[in-house]
Amino acid sequence: MPKNREIIMKKAYDLKVLGAKLKERGLDLGEDAVRILAEETFDWVEESAAISETPYDDMAMIVMPPLKKIAFENIDKIDGQKG
Ligand SMILES: [Ca+2]
101 MPKNREIIMK KAYDLKVLGA KLKERGLDLG EDAVRILAEE TFDWVEESAA
151 ISETPYDDMA MIVMPPLKKI AFENIDKIDG QKG
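Residue numbers (the working numbering): 101 to 183.
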């Protein structure tokens with residue numbers, strides 16, 4: 101599936117835009133699927149940073165807690181219900 105360049109993001113880290121882009125490419129993910137994807141991706145990045153030789157990803161870990169907080173708050177809004 102080709103990438104859709106028509107969907108424009110106007111608000112930073114807008115998951116609705118990401119969801120729309122993924123749906124256009126054949127991945128129609130609900131809140132639970134997005135949460136699992138985010139949890140595993142964050143874990144994968146953190147585990148990689150811990151064992152990699154470059155110090156740059158270790159520095160990036162400083163922003164992980166607030167980034168994860170923002171991400172999971174937004175993911176919780178996907179189905180329009182709390183939790
Ligand atoms: Ca929710």
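No residue lacks a Cβ here, since even glycine has one placed at the ideal position from N, Cα and C.
Residue 140: CB within 6 Å of a non-hydrogen atom of ligand 1: Against the sequence shown, residue 140 aligns to sequence position 40. False, no ligand heavy atom lies under 6 Å from that Cβ.
Just to confirm the assignment: which complete beta strand (DSSP E) runs, minimum length 3, are found wholly within the stretch 155-183? none
Three-way DSSP call (helix, strand, coil) for residue 149 in this model: Your numbering for residue 149 matches position 49 in the sequence shown. Looking at residue 149 - three-state DSSP - the assignment turns out to be helix.
Endpoints, the alpha helix (DSSP H) within which residue 122 is located: Counting from 1 along the sequence shown, the entry for residue 122 is found at position 22. It spans 115-124 - the alpha helix (DSSP H) in which residue 122 sits, taken as one unbroken run.
Should residue 175 and residue 138 be called a contact, given that it needs their Cβ atoms to be closer than 7 Å? For the purposes of this step, residue 175 is taken as residue 75 along the sequence shown, with counting starting at 1. For the purposes of this step, residue 138 is taken as residue 38 along the sequence shown, with counting starting at 1. Yes.
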